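Inspection log for the structure reproduced underneath, given as structure tokens.
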Amino acid sequence: MNRFHGIELNPGTAAFLARTQRMLIGGEWVEASSGASLPVIDPASNEAFCHVPAGDAADIERAVAAARQAFESGEWPRHRPVDRERLLLRLADLLEAHAQEFAELEALDNGKPVMVARHVDVALSIDFIRYMAGWATKIEGHTMELSVPLVREREFFGFTRREPVGVVGAIIPWNFPLLMAVWKVAPALAAGCTMILKPAEDTPLSALRLGELALEAGYPAGVLNVVTGLGHTAGAALAAHPGIQKIAFTGSTEVGKLVGKAAMENMTRVSLELGGKSPVIVLDDVDPATAAAGAAQAIFFNQGQVCTAGSRLYVHKSRFDAVVEALSGIAAGMRLGPGIDPATQIGPLVSKVQQGRVMDYVKSGFAEGARAAAGGAVGEGPGCFVQPTVLVDVREDMRVVREEIFGPVVVAQPFDDVEEIARRANDTPYGLAASIWSNDLSRVHRLIPKIKAGTVWVNCHNIIENVMPFGGFKQSGIGREAGRSALELYTEPKSVIMML
Ligand code: NDP
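Quick note, in the working numbering, the sequence shown goes up one by one and the last residue is 769.
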């Protein structure tokens, strides 16, 4: 298994794939309790290339017990902030040393272009772990001057502490498998929590390899557990487990609601990073070629399987035809191919299921009167390819305009004035992100507060930064990952009042 699609793998990737894959529980590599396994499919060929354990509720039980033990006793609680910082830095160094291997695993498992995996997923993951390592020594409380009314003769002293929230369950999606794992693992471990990570069934490999590196970095047994398995078994058992104190979820709004409800039964702290239908708003001062290149990046990056994908394009009517023509030209010229091939610009979607979902949307658009200015069909061969697609002649009530497609499909519409565009941009249950394209500072600044979204980009889209809080308004989620806010998700404030 050294070559895929004619491309020779890095020796580290080949060696990893040659091993029998097991899950990490309590520092041991184990089979699923049931003995069952799941195939891992290469979406460029739709063929299985390895298997992972199909963990279920029994394995979640074991993992929660291991994480609980590691949280309460043994070496981990004695790790000082500086020790936690050092371990994260070591993990980042190891990830950097194995960067190509991780990029190839993501390309094979998810289908994404290997260059994107290397320079976005893996590069951001390394930086993010280093950024979070710095926070381990900067978790602070405050001191307060108190004014206790009844006991005026005594002095009081108040202070707050931020303590690790406890055992964390993380359920992650398949679109950025490593990065989404790291977005949860790094702040949780910086804060002193222990955790159980459940990767998506379609993309389990980088999480397992990350588990290997965590042991190599020196994390004590049980601090990071990785349980592979299905969402409705392993994932649901994790979300509903009374032994965890926090659940961090990224995925669809539908499953996010199920996870949130299950968590609430036990008052488990919950953060949800969910779907989106993000608008790309092009004002009338922008050069059409610049707008088209930006819009293409906004929707076609990662085959459109991005929660912040710019899937609704609104262009001022004076530029609409020119932007659509240029965007369609870019879409038609993109090179489809297996993610592992460095020449590929658009890889396959993650699975046949996702390809089917996306094509159902495209067909529903056609049935409701939309027209493809580019694409509109699957790619050639057995892989899960969908052509980059630009739909025009759409109306606000069509499913392709209202629902998250999660594929390389953008709906383009003209608009007349800036007041109208704010209303249309917000006419969605989602509120994850938006981009505004213009160099007219006054109009941009007036538009920013009107847009109901967790992130607003100006003259760019899909720029993710470690220091910036990331999350959604409305049905796009609860809580903010990244930046200082991430630490708040994994710590619990405690107020201390002392009578002196
Ligand atoms: P899901 O929301 O189903 O999957 C996300 C994670 O949740 C996976 O690990 C999944 O496991 C797990 N999961 C599934 N069901 C449950 C459950 N009942 N309890 C606990 N965990 C569960 O996304 P899909 O993969 O099904 O994709 C469907 C749609 O979701 C996409 O088309 C897209 O619209 C959206 N999506 C949004 C993402 C985002 O970043 N906001 C990311 C991925 C998808 P398993 O993999 O085994 O199903």
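Glycine included, each C-beta is placed from N, C-alpha and C at the ideal position. The model shown is predicted, which means the values in this text are computed figures rather than measured ones.
- Under the 8 Å Cβ criterion, the region 298–306 does not count as touching the region 384–393, having fewer than three qualifying pairs.
- V647 and P677 have their C-alpha atoms spaced approximately 11 Å apart.
- In this chain, the beta strand (DSSP E) harbouring T760 covers T760 to M768.
- Within its own chain, the residues whose Cβ lies closer than 6 Å to the Cβ of E365, once the five positions on either side in sequence are excluded, are I395, listed in chain order.
- The C-beta of N271 has fewer than 16 other C-beta atoms within 10 Å across all chains shown, which makes the residue exposed.
- M533 sits exposed, since fewer than 16 C-beta atoms from the chains shown fall within 10 Å of its C-beta.
- The continuous stretches of alpha helix (DSSP H) do not include D311, which lies in the beta strand (DSSP E) extending over residues S306 to D311.
- Restricting attention to E424, L582 and E481, the CA atom closest to the CA of A694 is found in L582.
- Set against 7 Å, the gap from the CB of E673 to the closest heavy atom of the ligand NDP is smaller.
- Judged by DSSP secondary structure, A681 falls outside any alpha helix (DSSP H) and instead within the beta strand (DSSP E) spanning V678 to F684.
- Unbroken beta strand (DSSP E) runs of no fewer than 3 residues, entirely contained in the region 405–451, are found at 412–414, 425–433 and 436–440, following chain order.
- Closer than 7 Å to some heavy atom of the ligand NDP: that does not describe the Cβ of W298.
- Looking from the CA of E673, the closest CA among E688, R712 and T522 belongs to T522.
- Pairing G644 with A323, the inter-Cα distance amounts to about 37 Å.
- Straight-line spacing of the CA atoms in F654 and A601 works out to 14 Å.
- By the neighbour-count definition (other C-beta atoms within 10 Å, threshold 16), V417 is an exposed residue.
- T697 carries a coil assignment under DSSP once its states are collapsed to helix, strand and coil.
- For the pair T429 and L415, the Cα-to-Cα distance works out to about 12 Å.
- In the three-state reduction of the DSSP assignment, P322 falls in the strand class.
- When beta bridges are read from the DSSP output, V385 appears opposite no residue.
- Residue range F589 to G602 is occupied by the alpha helix (DSSP H) that includes I599.
- With a beta-carbon spacing of about 5 Å, G579 and H730 fall inside the 8 Å limit used to define contacts.
- Here I294 is near R331, since their CB atoms are less than 8 Å apart.
- Where S475 is concerned, the enclosing alpha helix (DSSP H) starts and stops at L474 to A486.
- Between Q338 and G480, the C-beta spacing is not below 8 Å.
- Inclusion of I440 in the 7 Å shell around the ligand NDP follows from its C-beta lying nearer than that to a non-hydrogen atom of the ligand.
- If the five residues before and after T724 are omitted, its C-beta is found closer than 8 Å to the C-beta atoms of T577, L701, A702, A703, M737 and F739, all from its own chain and listed in chain order.
- Residue pairing by DSSP places I674 in no beta bridge whatsoever.
- A buried status is given to M449, since no fewer than 16 other beta-carbon atoms sit within 10 Å of its beta-carbon.
- For S711, the three-state secondary structure derived from DSSP is helix.
- Each residue's CA atom was taken as its position, placing Q656 and V551 some 24 Å apart.
- A distance criterion of 7 Å places the beta-carbon of D325 beyond contact range of the ligand NDP, judged by its closest non-hydrogen atom.
- Secondary structure of K586 (DSSP, three-state): coil.
- When C-alpha distances from I310 are compared across L286, L507, F340 and M292, the shortest belongs to L286.
- The three-state reading of DSSP puts N379 in helix, counting H, G and I together.
- Between the region 434–442 and the region 461–479 there are three or more C-beta pairs closer than 8 Å, enough to call the two in contact.
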